[in-house]
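Visitor:
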Amino acid sequence: MKNVKLILVIVLLTLISISAQPGLGNGMQGLKHGPIAKLNLTPEQEKQFMDINLEHQKKMIDVKAQIEKNQVDMKKVMAEKNIDEKKLFDLTDANSKLQAQMKNFAVKKWLDIYKIL
């Protein structure tokens with residue numbers, strides 16, 4: 000039974016880790032090429048667009064770093080002889096909240112960009 004719980008926790012951690020991985024990037028090279036170029040943004044709008052993206056990236060870096068720290072703490076808890084279930088669930092809940100926060104940041108970024116168009 001302990002092995003089943005341990006395997007379940009490892010699978011859960013793996014899924015959390017995979018979902019927290021960065022995507023293909025969020026570079027600004029798309030401003031001059033691709034769909035963004037078709038928007039015919041003014042120089043001021045381009046600057047605002049870039050500022051919004053860069054601020055979003057900073058926020059995401061901070062949240063992802065905290066998620067990774069929590070994952071390290073989870074590994075430490077799971078390595079102990081007597082697993083502290085409450086601490087493990089607290090860390091899992093914290094990561095879930097951080098992932099929700101990341102989604103909220105993405106929506107706010109979209110709204111901020113929408114406002115400058």
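Take 0 as the starting number for the sequence shown in numbering that gives the first Met the number 0 and just add one per residue. C-beta: ideal position from N, C-alpha, C; glycine also.
Thinking Lys96 and His55 are a contact (beta carbons under 8 Å), I'd like their distance in whole angstroms, please.
Guide: Taking the first residue of the sequence shown as position 1, residue 96 is located at position 97. Taking the first residue of the sequence shown as position 1, residue 55 is located at position 56. So it is not a contact: roughly 18 Å between Cβ atoms.
Visitor: Report yes if the CB atom of Ile51 is closer than 8 Å to the CB atom of Asp111, and no otherwise.
Guide: The count along the sequence shown starts at 1 and reaches residue 51 at position 52. The count along the sequence shown starts at 1 and reaches residue 111 at position 112. Yes.
Visitor: By the three-class DSSP mapping on this structure, what secondary structure does Leu116 have?
Guide: The count along the sequence shown starts at 1 and reaches residue 116 at position 117. Reduced to three states, the DSSP call for Leu116 is coil.
Visitor: Just to confirm, is the Cβ distance from Met101 to Leu87 under 8 Å?
Guide: The residue you call residue 101 lines up with position 102 of the sequence shown. The residue you call residue 87 lines up with position 88 of the sequence shown. No, they are not a contact pair.
Visitor: Among the residues of its own chain, which have a CB less than 7 Å from the CB of Ala105, if the five just before and after it don't count?
Guide: Position 106 of the sequence shown, counting from 1, holds the residue named residue 105. So no residue of the chain qualifies.
Visitor: Taking its Cβ as the centre, do 16 or more other Cβ atoms sit within 10 Å of Asn39, making it buried, or is it exposed?
Guide: Translated into positions along the sequence shown, residue 39 becomes position 40. When all chains shown are included, Asn39 counts as exposed.
Visitor: Measuring alpha carbon to alpha carbon, tell me which of Pro34, Ile115, Leu90 and Gly33 ends up nearest Gln65.
Guide: As a first step, residue 65 is located in the sequence shown; it is residue number 66 there, counting from the start. Nearest of Pro34, Ile115, Leu90 and Gly33 to Gln65, Cα basis: Leu90.
Visitor: Indicate whether at least one CB of chain C lies closer than 8 Å to the CB of Asn69.
Guide: Any reference to chain C falls outside this structure, which holds one protein chain only.
Visitor: In chain order, what residues of the same chain have a beta carbon less than 8 Å from the beta carbon of Phe122, not counting five sequence neighbours either side?
Guide: Since the first residue shown for the chain is 0 and the last is 116, residue 122 is missing from the structure and cannot be characterised.
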